[in-house]
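The letter at position 140 of the sequence shown is residue 140 when you use full-length UniProt numbering, and the numbering goes up by one with no holes.
Idealized CB from N, CA, C, for every residue including glycine.
One structure is given here, and the rest of the page talks about it.
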Amino acid sequence: MPRVEQLFIAREDSSPMESLESVEAVEGGLEGDRYCTGKGYYSPFDVCEVTLIEGEAIDDIVDEFDIDLSDGRHRRNVVTREVAVHDLLGATFSIGEATLRGTRPRPPCAHVEQVAGEKGVARALKNKRGGICATVLDPGSIGVGDEIEVIEPDARTMGRKVADRLGL
Numbered sequence: 001m002p003r004v005e006q007l008f009i010a011r012e013d014s015s016p017m018e019s020l021e022s023v024e025a026v027e028g029g030l031e032g033d034r035y036c037t038g039k040g041y042y043s044p045f046d047v048c049e050v051t052l053i054e055g056e057a058i059d060d061i062v063d064e065f066d067i068d069l070s071d072g073r074h075r076r077n078v079v080t081r082e083v084a085v086h087d088l089l090g091a092t093f094s095i096g097e098a099t100l101r102g103t104r105p106r107p108p109c110a111h112v113e114q115v116a117g118e119k120g121v122a123r124a125l126k127n128k129r130g131g132i133c134a135t136v137l138d139p140g141s142i143g144v145g146d147e148i149e150v151i152e153p154d155a156r157t158m159g160r161k162v163a164d165r166l167g168l
């Protein structure tokens with residue numbers, strides 16, 4: 001079952017990520033998070049309301065680079081399990097009571113490595129390991145363990161499903 005494994009926010013630019021059991025998704029992002037309040041490093045120019053990263057990617061980074069980012073040093077809000085987050089790009093999906101839409105990939109930057117305080121973090125998050133950005137469509141509570149469910153797939157996936165049904 002696709003689900004939320006961990007939740008994080010950072011209240012200020014460059015401050016440590018704070019692990020939460022639940023958080024409110026509101027217009028503009030996650031309540032209390034630096035980008036929702038306009039205090040993020042890239043505010044107001046390159047804002048992701050909510051960021052998602054696969055727990056499996058974090059596991060791979062430990063195996064491949066010997067860097068443990070499970071404490072939130074990846075700087076992403078929602079750690080998922082059993083869902084390929086890049087498949088959520090362009091899709092509308094629910095997490096807990098909130099509805100979101102995947103908007104774009106979130107590649108790593110030099111700032112994430114600087115804040116993490118460990119060389120190699122930006123390189124480790126490359127190749128689709130950096131996760132994605134999402135926009136909050138309908139507010140609601142998100143909690144650890146909540147299911148992630150696609151409500152409406154992206155257009156390409158929908159087109160493939162129609163073609164399959166038509167035998168094309």
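CA-to-CA distance, residue j to residue i, given in whole angstroms
| i | j | result |
| --- | --- | --- |
| Arg81 | Ile132 | 14 Å |
| Ser14 | Gln114 | 9 Å |
| Gly38 | Arg160 | 39 Å |
| His74 | Ala110 | 12 Å |
| Val121 | Thr51 | 17 Å |
| Ala10 | Met158 | 35 Å |
| Leu166 | Arg156 | 15 Å |
| Leu5 | Leu125 | The sequence given here places Glu at residue 5; Leu does not occur at that position. Going from the Cα of Glu5 to the Cα of Leu125 covers about 18 Å. |
| Pro44 | Phe8 | 20 Å |
| Gly72 | Val150 | 25 Å |
| Leu168 | Val162 | 9 Å |
| Asp63 | Glu12 | 30 Å |
Residue i versus the options, residue with shortest Cα-Cα distance
| i | options | result |
| --- | --- | --- |
| Val23 | Val62, Val78, Ala122 and Pro2 | Val78 |
| Glu152 | Ala116, Asp138, Gly90 and Val162 | Gly90 |
| Lys119 | Pro16, Gly72, Phe93 and Asp66 | Asp66 |
| Gly140 | Cys48, Met1, Leu52 and Ile95 | Ile95 |
| Ser19 | Met1, Arg101, Glu27 and Gly32 | Gly32 |
| Ala116 | Arg11, Ile53, Met1 and Pro16 | Pro16 |
| Arg104 | Ala134, Leu125, Arg11 and Val112 | Ala134 |
| Gly28 | Thr99, Ala124, Gly72 and Val62 | Thr99 |
| Ser70 | Ala84, Glu54 and Leu168 | Glu54 |
| Arg106 | Thr92, Glu97 and Leu88 | Leu88 |
| Tyr35 | Val136, Asp154, Val162 and Asp146 | Val136 |
| Val112 | Arg76, Val62, Val162 and Pro2 | Arg76 |
| Asp154 | Pro108, Thr92, Asp146 and Glu97 | Thr92 |
| residue 229 | Leu30, Pro2 and Arg3 | Nothing about residue 229 can be reported from this structure: the residues present for the chain run from 1 to 168 only. |
Collapsed DSSP secondary structure at residue i in the structure displayed
| i | result |
| --- | --- |
| Gly143 | strand |
| Phe65 | helix |
| Glu56 | helix |
| Arg165 | helix |
| Glu152 | strand |
| Val85 | helix |
| Glu49 | coil |
| Gly32 | coil |
Assumed close pair residue i, residue j - CB separation to whole angstroms, cut-off 8 Å
| i | j | result |
| --- | --- | --- |
| Ile142 | Ala25 | 5 Å |
| Val144 | Glu49 | With 8 Å as the limit, Val144 and Glu49 do not qualify as a contact, their Cβ atoms being about 19 Å apart. |
Is it true that the segment 116 to 129 meets the segment 52 to 62, where meeting means three or more beta-carbon pairs spaced less than 8 Å apart? Flag = yes, the segment 116 to 129 and the segment 52 to 62 touch.
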